[in-house]
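Participant:
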Amino acid sequence: MKKLYSANNLIEAQMILYLLEHAYIRAKVLNTHAQGGVGEIPFTHTYPEIWIVHDDDLEKARSIIDAYENTPIEVGYVHCPACGEQNPRNFQLCWQCGEGLEIAHLKLDGT
Ligand SMILES: [Zn+2]
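So this is what it looks like as structure tokens:
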């Protein structure tokens with residue numbers, strides 16, 4: 001297990017988790033607020049952390065994080081083709097169900 005990333009919130013943590021799963025990288029979110037009483041959670045660690053299960057995946061996972069962080073934040077929303085949830089336009093996967101949003105982007109482009 002290696003720590004990959006500290007997310008700003010649970011939604012972001014979930015997003016990154018889905019991105020990693022899409023690349024067949026096993027990861028876990030730790031230090032979430034919901035984990036009351038499980039293990040010892042240091043008081044200072046209030047942000048959800050993404051941990052890679054297999055250390056060998058770290059380099060690949062970091063490149064995914066790089067791509068995620070370098071994605072320009074666009075104004076606007078896109079609706080998930082699977083569950084209809086509204087997602088920020090720069091999201092690649094639905095934060096709620098994990099469905100790929102590329103399909104929705106393609107439809108917007110008319111291709
Ligand atoms: Zn969805």
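Each step along the sequence shown adds one to the number in my numbering, with nothing skipped, and position 21 is 21. C-beta atoms are modelled at their ideal positions from N, C-alpha and C, and glycine is treated no differently.
Would you report the Cα separation of A27 and P81, rounded to the nearest angstrom?
Facilitator: About 25 Å.
Participant: Any idea if C94 is buried or exposed, counting beta-carbon neighbours within 10 angstroms, 16 or more meaning buried?
Facilitator: Burial call: buried.
Participant: Evaluate contact between the stretch 85-94 and the stretch 45-58, counting only Cβ atoms and requiring at least three cross-stretch pairs below 8 Å.
Facilitator: The stretch 85-94 vs the stretch 45-58: no contact.
Participant: When the Cβ atoms of the stretch 54-71 are set against those of the stretch 14-21, are three or more pairs found closer than 8 Å?
Facilitator: Because the criterion of three Cβ pairs below 8 Å is met, the stretch 54-71 and the stretch 14-21 touch.
Participant: Among P88, G100 and L30, which one has its Cα closest to the Cα of L10?
Facilitator: Among P88, G100 and L30, the Cα nearest to that of L10 belongs to L30.
Participant: Could you tell me the boundaries of the alpha helix (DSSP H) in which Q86 lies?
Facilitator: No alpha helix (DSSP H) holds Q86; the beta strand (DSSP E) holding it covers Q86 to P88.
Participant: Could you name the residues of the same chain whose beta carbon sits closer than 8 Å to that of E99, not counting the 5 residues immediately before and after it, in chain order?
Facilitator: Answer for E99: C80, P81, A82, C83 and L93, listed in chain order.
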